Amino acid sequence: MMSKKKIIIITLFVIILLVVGCVYIHMLNKKPDTKPDDNKTNEPVVVEKENKNDFSFLKLENYKQNIVYSPYSINTAFYMLSLGANGNTEKELKNFLGDFKLVNYGDIDNKLSVANGTFINNLYKDTIKKSYLDELQSKFNNKVEVMHDDFNSVENINKWVSKKTFELIPSILEEGQVDSETRIVLANALAFKMDWVDKFDANDTYGGDFYLEDGSKIVATTLSKKAYGDSISYYKGDNVTALAMDLEKIDETQFELLAIMPEDLSEYIKNVKVSDIYDIDSKLVKASSEKNGIRINIPKFKFDYQLELKKDLIELGLKDTFSPGVADLSKISDRDLYVSDCVHKATIDFSEDGVKASAATVIISKEFSSIEEKPIIVSMDKPFMFIIRDKKTKDILFVGSVYSPNLWDDDRNLYIEQ
């Protein structure tokens, strides 16, 4: 029998796992006419795939705090960038992306929005190669929006992100992050509003104990329900407890939330691999297989998070990409472009009705120009004294001071042709 503490606790790892694009809102590709196998009622249908970056940022920002991000959004944006890279920059990006395979999700009104866009500097639009833009459209099924901007402010980019995330992310950039040196901005935005197949009843929500990492206890808003059907599964091991709950099915894609509660979350994060999650998948038991069903208690949560993306990416090996004069983005433009900054923000809202999540990634590319060093300026522009002397012997021939030099109006004709 599981202790009350373990039943109630749902640690921060679930907060990581709730983001669209992370494999832990699983994509279960179940065809409507698929006949169930009576001998395998407890085995989930899972498409196994391990993206290199699913947990990279989780491990780098393992600060024992609420965190949410979208590997799908980050990988998609940098995949767009990789199509414009050459040389070592291309190698860096391909190594970072690993086995990432682009999935083009379709938009569903008020349920799912996935958008990719490019913002191009109006004054330099002719310098962005048509071949690069054509390649983007080819890879993304002609669904990349191409927009033009003067980059005098971040307003247009923020408005686009807000619209594409159902206004869950009202702004992503701050003033000054783009300017006249910005040549192109690549952006991915996604939003997700899905209801549970089996919703919680708000009348059953209560104040439940939640045990923090340091062992202290708080009273959390806790959702509760008794489950009997096939839409909810669980696993109780010696060191890990897991809960899987189906979200509504759209077209041929089934989403689910998988919550994982280890004994020590921080240590688990340090070593977790996607294969560990698939191992849990194989052990999930459907509520329908339990004679008396299962009782679920899980806390409600809502927050947003912004990764330290540029710092993390440099640590993950994208060094040339961010280096002026070194980055090779010559498939985008013959100008000397580099990535000056990148931003990733995500939100999550877990409630009785379902999950609302959003994420956006913005990559800002500027042009590197080798600036000539400015000369040191020496201006004698107020009263001064002077000495005329022998340079070798230092014997002074004249000494004087100047308080009132010649007026330009008096001498102008000497220097300007009549």
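Per the working numbering, the sequence shown starts with residue 1288, numbered consecutively. Backbone N, C-alpha and C define an ideal beta-carbon position, used for all residues, glycine too. Since the structure is predicted, the reported quantities are computational estimates derived from the model, not experimental observations.
#1: Does DSSP put Gln1541 in a helix, a strand or coil?
#2: Spatial neighbours of Asp1394 within its chain, please: CB distance less than 7 Å, with the 5 preceding and 5 following residues excluded, ordered by chain position.
#3: Quick check for students: name the residue ranges of the alpha helix (DSSP H) that lie wholly in the region 1570-1603, counting only runs of 4 or more.
#4: Taking the CB atoms as reference points, tell me whether Asn1378 and Lys1480 lie closer together than 9 Å.
#5: Per DSSP, which residues does Trp1483 bridge with? Please list them.
#6: Applying the criterion that 16 or more other CB atoms from any shown protein chain within 10 Å of the CB defines a buried residue, is Ile1664 buried or exposed?
#7: When the Cα atoms are used, what is the spatial distance from Ala1476 to Asp1525?
#8: Measuring only the C-alpha atoms, how far is Thr1328 from Lys1573?
#9: For the beta strand (DSSP E) holding Leu1624, just list the boundary residues, first then last.
#10: What are the start and end residues of the beta strand (DSSP E) that includes Asp1496?
#11: Go ahead and pull the three-state DSSP assignment for Glu1422.
#12: Whole beta strand (DSSP E) runs in the region 1384-1469 with 3 or more residues, listed along the chain?
#13: Looking only at C-alpha atoms, which of Asp1485, Val1561, Lys1570 sits nearest to Lys1536?
#14: If you reduce the DSSP assignment to three classes, tell me which class Ile1230 lands in.
#15: When you compare only the Cα positions, how much space is there between Ser1617 and Leu1594?
#16: Using CA atoms only, rank isn't needed, just tell me which of Tyr1411, Ser1425, Glu1500 is closest to Asn1403.
#17: List the DSSP bridge partners of Glu1550.
#18: Starting from Lys1346 and walking both ways along the alpha helix (DSSP H), at which residues does that stretch end?
#19: At what residues does the beta strand (DSSP E) containing Leu1510 begin and finish?
#20: Taking only the alpha-carbon atoms, compute the straight-line gap between Pro1692 and Leu1701 and give it to the nearest angstrom.
#21: When DSSP labels each residue in this structure, what does Gly1641 get in the three-state scheme?
#22: Going by the CB atoms, is the gap between Lys1346 and Ile1619 shorter than 9 Å?
#23: Can you confirm whether the region 1574-1584 touches the region 1504-1518 when touching is taken to mean that 3 or more C-beta pairs between the two stretches lie within less than 8 Å?
#24: Ordered along the chain, which non-local residues of its own chain (more than five positions away) have a Cβ less than 7 Å from that of Phe1427?
#25: Any idea what DSSP makes of Leu1477, helix, strand or coil?
#26: In chain order, what residues of the same chain lie with their CB nearer than 8 Å to the CB of Asp1491, ignoring the 5 residues before and after it?
#27: Could you pull out every residue in the same chain whose Cβ sits closer than 8 Å to the Cβ of Ser1290, ignoring the five residues on either side in sequence?
#28: Tell me which residue opens and which closes the beta strand (DSSP E) that Ser1520 is part of.
#29: Is Ile1651 closer than 9 Å to Thr1452 when the C-beta atoms are compared?
#30: Helix, strand or coil: how does DSSP classify Ser1369 here?
#31: Let me check one thing: in DSSP terms, what residues is Ser1620 bridge-paired to?
#32: Return helix, strand or coil for Val1561, following the three-state DSSP convention.
#33: So, Thr1255 versus Leu1410, is the Cβ gap smaller than 9 Å?
#34: Who are the Cβ neighbours of Gly1604 in its own chain at under 7 Å, not counting the five residues just before and after it?
#35: Measure from the alpha carbon of Ser1520 to the alpha carbon of each residue in Leu1571, Val1465, Val1649, Lys1597, then state which is nearest.
According to the structure shown:
#1: Judged by DSSP in its simplified three-state form, Gln1541 adopts strand.
#2: The residues are Ser1400, Val1401.
#3: Counting only runs of 4 or more, we get 1596-1602.
#4: The amino acid at residue 1378 is misidentified as Asn; the sequence shows Lys. Between Lys1378 and Lys1480, the C-beta gap is not smaller than 9 Å, which leaves the two residues out of contact.
#5: Answer is Leu1534, bridged to Trp1483.
#6: The C-beta of Ile1664 has fewer than 16 other C-beta atoms within 10 Å across all chains shown, which makes the residue exposed.
#7: Ala1476 and Asp1525 have their C-alpha atoms roughly 39 Å apart.
#8: Because Thr1328 carries a pLDDT of 39, less than 50, the predicted location of this residue cannot be relied on, and the following value inherits that uncertainty. Thr1328 and Lys1573: Cα-Cα distance of roughly 8 Å.
#9: Here the beta strand (DSSP E) through Leu1624 covers 1624-1637.
#10: Start and end: 1493-1498.
#11: Glu1422 sits in a helix when the DSSP states are folded into three classes.
#12: For the region 1384-1469, whole beta strand (DSSP E) runs of length 3 or above, ordered along the chain, are 1399-1408, 1431-1436.
#13: Among Asp1485, Val1561, Lys1570, the Cα nearest to that of Lys1536 belongs to Asp1485.
#14: The requested residue 1230 is not part of the displayed model; the chain covers only 1288 to 1705.
#15: Answer to the nearest angstrom: the Cα atoms are 28 Å apart.
#16: Answer by Cα proximity: Ser1425.
#17: DSSP lists no beta-bridge partner residue for Glu1550.
#18: Element bounds for Lys1346: 1343-1347.
#19: The continuous beta strand (DSSP E) containing Leu1510 extends over residues 1504-1514.
#20: The C-alpha of Leu1701 is placed about 16 Å away from the C-alpha of Pro1692.
#21: It is a strand residue.
#22: Contact: no.
#23: Because the criterion of three Cβ pairs below 8 Å is met, the region 1504-1518 and the region 1574-1584 touch.
#24: When the five nearest sequence neighbours on each side are left out, the beta carbons in the same chain lying within less than 7 Å of the beta carbon of Phe1427 are those of Asn1391, Asn1403, in order along the chain.
#25: If DSSP states are grouped into helix, strand and coil, Leu1477 belongs with the strands.
#26: Excluding sequence neighbours, Asp1491 sits near Leu1510, Ser1511, Lys1512.
#27: In this prediction, Ser1290 scores a pLDDT of 34, lower than 50, which makes its location untrustworthy; the coordinate-derived value is nonetheless stated afterwards. Cβ neighbours of Ser1290 within its own chain (closer than 8 Å, five residues either side excluded): none.
#28: From DSSP, the beta strand (DSSP E) with Ser1520 extends over 1519-1523.
#29: With respect to the 9 Å criterion, Thr1452 and Ile1651 are not classified as neighbours on the basis of their beta carbons.
#30: DSSP, read as helix, strand or coil, puts Ser1369 in helix.
#31: Bridge partners of Ser1620: Ile1415.
#32: Three-state result, Val1561: helix.
#33: Nothing in the structure corresponds to residue 1255, since the chain is present only between 1288 and 1705.
#34: For Gly1604, where only same-chain residues beyond five positions count, the Cβ hits under 7 Å are Glu1379, Asn1382, Phe1383.
#35: Per the Cα distances, Leu1571.
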